[in-house]
Structures are given as C-alpha cells and as structure tokens.
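Colleague:
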Amino acid sequence: MNIKKYTKSLIISGITITGLSLASFSDPGERFFDIAKNLDIYATLFKELNRYYVDEINPNKTIKTSIDAMLKSFDPYTVYYAEDDIEDYMTMTTGKYNGIGIVTGNRNGRIVVMLIDEGTPAEKSGIKIGDEIVKVDGVDLKSKKGIDPGKLIKGQTGTSVKLTVKRYGTDKLEDISVTRDVVKMKNVPYYGMINDEVGYIDLKDFTGTASKEVRQAFTDLKAKGMKKLVLDLRENPGGLLNMAVDICNVFLPKESEIVSTKGKVQEWNKTYTGLNPAMDTEMPITVLTNSRSASAAEIVSGVIQDYDRGVLIGQRTYGKGLVQVTRDLTYNTKLKVTTAKYYIPSGRCIQAIDYAHRNSDGSVGKLPDSLKRPFKTKKSGRTVYDGGGVLPDIEVDKPAPAAVTLSLSNKYVLFDYAIKYHFDHPTIKAAKDFELSDTEYSEFVKWAAAQDFDYTTQAEKDLNLLEASAKKERYYDNVSEQLKALRSKLSHNKEADMMKFKDEIKTTLEQEIIVHYYLQKGTREQSFAKDPEIQAALKLFGDMNRYNAILKGGK
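Its first residue numbered 11, the sequence shown is counted upward by one per residue in this note's numbering.
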C-alpha cells in the first residue's frame, strides 16, 4: 500500500480500514480521536451538501461513491457491496442464482441474448442466441430506459417469466414462457478426451462445488482411459481458497502443505494442508495459464510447479497473492476486505509488486530481475521466482489480435454473421469437425465489408502522432508530401485486411458460429486442433524425456 500523509481512517462495524499517515499512531487514544474527528467532519460536510447543494442529492448513491473512492486507495480487491448488490455477490461466491440461464447485452438499444448456459431453463425452452428480447412479462424494454432486464428475468424458483422475442429472419414477435430454476454456473464447463490417452479439464472458477466437479471429471476421464491430463486454468479469476487447497490435494498426498496465509490479525494466519488421500500422484500433468489466471488459479498452478508435480504452459499469471474475507455490515451490506497475503510451498508470494498498473491485457509485464527473489521447488530444487504472478515452464507467445479482428469482434460483426449463418444452416458437422470452407469465408468477407465497422491500425496511429508532431514543431510543410505518400501506403482496406488475417479471423468466426449450435462445450472441442497452448501440451506429452527433464530443472 502507498502510505500518504493525512489519509483518513474509518471504522465500519468494528472493521478498521486504514490509510495511515507517515507518522505512526503509537497512542491508541490519539488514533481513535482522529477517527472520530474525521467521521464527524464527514457527517457535517454531508449535511451541508444535502441542505444547500443546488440539486437534489441521492444519499445512497452519493455515500456509495465516496466509499468506493476511499477503497480505491487500498487495493482492487477490497470492495463494498451495497444492499442492491448482494444478489450479485451471492452469485459470485456460490455460483448459482434463481433465473433462466442467459446472458444479455445491449445492442444499439436492443436487448439481445448473447449466451445461453448449457442445461438451463433457457436452453430447454428453445430460446436462441441472437434473439432480441422485446418484452419481459409485458414490460416493453425500449420504453423503460435504464431498466436492468436481468432483474426482471430473475426471480424465485418455480415461477415463470414470459419473454417476448424477435428472432432473426422475421419481424413476427414470439412469446416464450420459461420456468425459473436454480441456475448453477459450472466451475468445470467442459471435460473430455483430446485423444486416446490425454484428458482435458477446463476449470473456469472456484465456487463452492469446484473441487467436487474436478474430482468427478478426473474420475470419469480415468474411466475412459486417461493416462495424461491437461488442466486448463486460463481465464480463471479465482475464488474460494479452500477449493484451491482441495483441488491441489487431488494430485498431492494427504498432509502436503498447500498454502500459508499471513496478515495483520495473527490468529487468522494459517497453513493449509491436504486433508484427503490424493486421487493420483504420478499421472503426467500440464497446466495451462495466461494473464487472466488469478488468485486461486495461481495457487493451484504455483503449487503444482512448487512440487514439480506438472509442467506449466502458457503465459505469466495475473499476480494476485492476496486473501480476502467478507464481513457483514449494517443494513444488509457487506465488505470484502484484504486481510493477508498467501505463500505457496516454495515460500514465494506471487502478488504483483504494482498491481494497480497493468498492461491492456491485464498482465503485469516484465519485472526487473532486481525486484525478483529466487526460490527452490520442493522435489528437484529448480529455481522459481516471486512477484508478478507465476511464470510458466514453457512460455507460448500470444500475439496481439490484428486491429481488423478486434473491430470485427468488438463491433459484433462476427456475432451477427454467426446468427445469419445459423439461420441459413439449420445443422452443421460435429463441433470437432466443423470448419468454414474458403468459399464460405469469402462470402463472409463480402458481407462484412458492407457492415458498419472500422478501425485504426497501430501504424496509422503512429503516423497520426508523427504528423501532429511535425505540425507542432513547424516541420510539416517540409515533409507533407512524404507523409501523404506514406499514409496512402499505410491506409487500411477492410476487405484486404480480412484476407491478410484470414486464419486469425476465420478461427474466431468458427468459434462464434459453433456456440450457436453446441454452446460452450462445442467451442472447446472445436478449438483443440488450433489452440496453441493445447498443441504445446500435446507436443510435450509426445516427448516424455523433455517433460521429465523440465521437472528436474532442465529445458
């Protein structure tokens, strides 16, 4: 934490949230006097604002804004939940909610179904990705500006909600009645066999059933002949600490040290060990990570690495080595507060040194060697480092998507074409066999070129800066012709770029189309042949001498 002079302290329901001044408070009486004084100032200030400010003040909104601003001076994970946010908080921690199982998005004022969870009431009712929801129980969504459709759609289990939808290819409205149920968001949305001996588990969260789901997936895959495992922790933001401990225990013996927590409250410090017999301590494992593998996902990947139990493949993880606990406040509100750092068996903490400043992809970038400390793994004694996340044993480059690909995705051109493709093709091949033909891709390019999307390449951005600098420093007249000629050569052409980056765009489009037919399960199966991290894992499993050499400290 950056310590700044005159930063205030606040006590909420007995929890102290502090930003200490440079001078430490050696006298508890002085400390509590300062707290009481500043709370009194805050209350007096708010009363004066409420009485004299020119516009009406919303107390709930204003106080929450001030609390959120205060908490931003600590870390990104200390969060206040107002009463209206408690349902979202419960969904985040339990992985379930009362609803129908859809994700909606606002597309130019239209509420559109963007995703459907497998096995939910929405899927069973016949709702399709791309459906526009016009009304919910007769409430016209266009006439209710600012209303959250999710709050209208969610409700008590067993009750029904009527959605009035407009489907692609027709202006006719259709009423679909869906009975709400408990929607369980799966921690393991997919598992299966990549080939005859390599199993795959996609672990995307760490809510209360994560370890149970992983154990079930592992058992089922072993029954299908799995001899090697790919554990995918990419895009996993983490979750419950005890779930991370139990999942590590799947692959490590009982009583193995998994993680230790250390913080200000000494009695909360604890070392967590495996409580159960391992399911398998010998099977070769590769763990896939990227810059959005965080928290509990970093515990699992870091512990597997620390015990030389498997090989990590991908990109450096997020770098969140902090532990939060949730404290109940008054009026059904909550505070999630960082109370400790966690340390994995080698003794390292993977907390990013500066977690407030990151690259655009969420990664922490490369840290100077002077800020890293070396540690040794438990079995072979190979060197690993702390700070800034967990570094994989095999790094796989992740090239930034081309500007045209990002624009096609962000402007929903790919999404819209997938809806059209689904309408034009009622059935397709099995997910793992699906691939767009060259003719189909050319049809997409022709269609997409007429859509409303555009972008600026990095080269064009750099040229704009160069031109602006030349004008500012009064050199433009001298180089204007050269700049114009360069702009002519660098100016992008949408159709040409869509052909130039065909492989990248085609792969992304195929994934977008697959989800309309086979949901998330289909996208996983279809991706195996082209996923660079999965291919790296399969290549490593094909060379077990290299696999063993890595675990012994070699390459």
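Just so you know, even glycine gets a beta-carbon here, dropped at the ideal spot from N, CA and C.
All values reported here derive from a predicted model rather than from experimental measurement.
Answer yes if the region 93–103 comes into contact with the region 113–122, meaning at least three C-beta pairs across the two stretches below 8 Å, and no otherwise.
Modeller: no
Colleague: As a quick exercise: from Ala-233, Leu-418 and Glu-477, pick the residue whose alpha carbon is nearest that of Leu-493.
Modeller: Here the question's residue 493 lines up with position 483 in the sequence shown. Cα-wise, what sits closest to Leu-493 is Glu-477.
Colleague: If you measure between the beta carbons of Ile-9 and Leu-550, is that distance less than 9 Å?
Modeller: Residue coverage of the chain in this structure runs from 11 to 565, which leaves residue 9 outside it and unanswerable.
Colleague: What are the residues that DSSP puts in a beta bridge with Leu-241?
Modeller: Along the sequence shown, read from residue 1 onward, the residue named residue 241 stands at position 231. Answer is Ile-211 and Val-297.
Colleague: How would you write the range of the beta strand (DSSP E) that Lys-154 sits in, first residue to last?
Modeller: Reading the sequence shown from its first residue, position 144 is the one you call residue 154. Following the DSSP letters along the chain, one finds Lys-154 in no beta strand (DSSP E), marked with neither H nor E.
Colleague: Going by the DSSP bridge assignment, what does Val-193 pair with across the sheet?
Modeller: Along the sequence shown, read from residue 1 onward, the residue named residue 193 stands at position 183. DSSP output for Val-193 lists Tyr-107 as bridge partner(s).
Colleague: Relative to the alpha-carbon of Val-202, which residue among Ser-447, Lys-57 and Gln-226 has its alpha-carbon at the smallest distance?
Modeller: For the purposes of this step, residue 202 is identified with residue 192 of the sequence shown, where counting begins at 1. The question names Val, but residue 202 is Gly in the sequence shown. Selected option, being the one with the closest Cα: Gln-226.
Colleague: Rounded to the nearest angstrom, what separates Leu-251 and Gly-218 at their Cα positions?
Modeller: Within the sequence shown, numbered from 1, the residue matching residue 251 stands at position 241. Within the sequence shown, numbered from 1, the residue matching residue 218 stands at position 208. Straight-line Cα distance between these residues: approximately 10 Å.
Colleague: Along the alpha helix (DSSP H) that carries Thr-517, what are the first and last residues, could you check?
Modeller: Working through the sequence shown from its first residue, we reach residue 517 at position 507. Element bounds for Thr-517: 512–537.
Colleague: Can you look up Gly-160 in the DSSP assignment and give me helix, strand or coil?
Modeller: Numbered from its first residue, the sequence shown carries residue 160 at position 150. Of the three classes helix, strand and coil, the one that applies to Gly-160 here is helix, per DSSP.
Colleague: I think Ile-126 touches Gly-111, with their Cβ atoms under 8 Å apart; what is that distance to the nearest whole Å?
Modeller: Taking the first residue of the sequence shown as 1, we reach residue 126 at position 116. Taking the first residue of the sequence shown as 1, we reach residue 111 at position 101. Confirmed, Cβ separation roughly 6 Å.
Colleague: Name the DSSP bridge partner or partners of Gly-357?
Modeller: Within the sequence shown, residue 357 is the residue found at index 347, counting from 1. DSSP lists no partner for Gly-357.
Colleague: Using a 10 Å radius around the Cβ and a threshold of 16 neighbouring Cβ atoms, would you call Asn-474 buried or exposed?
Modeller: Sequence index remark: in the sequence shown, residue 474 carries index 464 (1-based). Exposed is the call here.
Colleague: Would you call the region 341–351 in contact with the region 301–318, where contact means no fewer than 3 C-beta pairs closer than 8 Å?
Modeller: no
Colleague: What does the alpha-carbon distance come out to for the pair Asn-300 and Pro-247?
Modeller: In the sequence shown, the residue the question calls residue 300 occupies position 290. In the sequence shown, the residue the question calls residue 247 occupies position 237. About 11 Å.
Colleague: If you compare alpha carbons, which of Gly-312, Phe-261, Leu-49 and Val-269 is closest to Pro-287?
Modeller: Position 277 of the sequence shown, counted from the first residue, corresponds to residue 287. When each option's Cα is compared against that of Pro-287, the closest is Phe-261.
Colleague: Tell me whether Thr-348 counts as near the ligand HEM, meaning its Cβ is closer than 8 Å to at least one heavy atom of that ligand.
Modeller: Absence of the ligand HEM from the depicted structure is noted, as is the absence of any ligand whatsoever, leaving it without description.
Colleague: Please state the DSSP three-state secondary structure of Tyr-178.
Modeller: By one-based count along the sequence shown, residue 178 stands at place 168. Three-state result, Tyr-178: coil.
Colleague: Hey, how far is the Cα of Thr-75 from the Cα of Asn-48?
Modeller: Translated into the one-based positions of the sequence shown, residue 75 becomes position 65. Translated into the one-based positions of the sequence shown, residue 48 becomes position 38. Near 18 Å, if we compare the C-alpha coordinates of Asn-48 and Thr-75.
Colleague: Could you check if Met-554 is buried or exposed, using at least 16 other CB atoms within 10 Å of its CB as the buried criterion?
Modeller: Sequence index remark: in the sequence shown, residue 554 carries index 544 (1-based). With fewer than 16 Cβ atoms within 10 Å of its Cβ, Met-554 is classed as exposed.
Colleague: Could you give the C-beta distance for Leu-500 and Glu-470, rounded to a whole number, given that I count them as a contact under 8 Å?
Modeller: For the purposes of this step, residue 500 is taken as the residue at position 490 of the sequence shown. For the purposes of this step, residue 470 is taken as the residue at position 460 of the sequence shown. Yes, Leu-500 and Glu-470 are in contact; Cβ-Cβ is about 6 Å, under 8 Å.
Colleague: Please state the DSSP three-state secondary structure of Arg-41.
Modeller: Along the sequence shown, one-based indexing puts residue 41 at 31. Correct three-state label for Arg-41: helix.
Colleague: Determine the DSSP secondary structure at Ile-67, reduced to helix, strand or coil.
Modeller: Taking the first residue of the sequence shown as position 1, residue 67 is located at position 57. Residue state, collapsed to three classes: coil.
Colleague: Quick one: is Gly-552 buried, meaning 16 or more other Cβ sit within 10 Å of its Cβ, or exposed?
Modeller: Numbered from its first residue, the sequence shown carries residue 552 at position 542. It is exposed - the Cβ of Gly-552 has fewer than 16 other Cβ atoms within 10 Å.
Colleague: Verify whether the separation of the beta carbon atoms of Gly-209 and Lys-182 is less than 9 Å.
Modeller: As a working mapping, residue 209 is identified with position 199 in the sequence shown. As a working mapping, residue 182 is identified with position 172 in the sequence shown. Their beta carbons are not under 9 Å apart, which means Gly-209 does not touch Lys-182 by this criterion.
Colleague: Kindly provide the ranges of any alpha helix (DSSP H) runs that are 4 or more residues long and lie completely inside the region 71–132, ordered along the chain.
Modeller: 96–104
Colleague: Which same chain residues, not among the five before or five after Ala-33, have their C-beta less than 7 Å away from its C-beta?
Modeller: Along the sequence shown, read from residue 1 onward, the residue named residue 33 stands at position 23. Only weak support is given to the placement of Ala-33: the predicted model assigns it a pLDDT of 39, under 50, and the question is left unresolved by the model.
Colleague: Over what stretch of residues does the alpha helix (DSSP H) that includes Asp-426 continue unbroken?
Modeller: If you number the sequence shown from 1, residue 426 lands on position 416. Segment 423–434, the alpha helix (DSSP H) holding Asp-426.
Colleague: Hey, quick one: how far does the beta strand (DSSP E) through Gln-334 stretch, first residue to last?
Modeller: Along the sequence shown, read from residue 1 onward, the residue named residue 334 stands at position 324. According to the DSSP assignment, Gln-334 belongs to the beta strand (DSSP E) that extends over 332–338.
Colleague: According to DSSP, is Ser-305 part of a helix, a strand, or is it coil?
Modeller: Numbered from 1 along the sequence shown, position 295 holds the residue referred to as residue 305. The answer is coil: DSSP assigns Ser-305 none of H, G, I, E or B.
Colleague: Do you know offhand how far Val-455's Cα is from Lys-504's?
Modeller: Taking the sequence shown and counting its residues from 1, the one referred to as residue 455 is at position 445. Taking the sequence shown and counting its residues from 1, the one referred to as residue 504 is at position 494. Approximately 9 Å between the Cα atoms of the pair.
Colleague: Less than 9 Å between the C-beta atoms of Gly-532 and Gly-391, yes or no?
Modeller: Within the sequence shown, residue 532 is the residue found at index 522, counting from 1. Within the sequence shown, residue 391 is the residue found at index 381, counting from 1. Result no, Cβ atoms of Gly-532 and Gly-391 do not sit closer than 9 Å.
Colleague: Taking one C-beta from the region 430–440 and one from the region 402–421 each time, how about it: are there three or more such pairs within less than 8 Å?
Modeller: no
Colleague: With DSSP as the reference, label Lys-322 as helix, strand or coil.
Modeller: In the sequence shown, residue 322 corresponds to position 312, counting from 1. Per the sequence shown, the amino acid found at residue 322 is Leu instead of Lys. Leu-322: strand per DSSP, three-state reduction.
Colleague: Under 9 Å between the Cβ atoms of Val-188 and Ile-137?
Modeller: Locating residue 188 in the sequence shown gives position 178, where the first residue counts as 1. Locating residue 137 in the sequence shown gives position 127, where the first residue counts as 1. Taking 9 Å as the Cβ cut-off, Val-188 and Ile-137 qualify as a contacting pair.
Colleague: Mark Tyr-485 as exposed unless 16 or more other C-beta atoms lie within 10 angstroms of its C-beta, in which case mark it buried.
Modeller: One-based indexing of the sequence shown puts residue 485 at position 475. Exposed.
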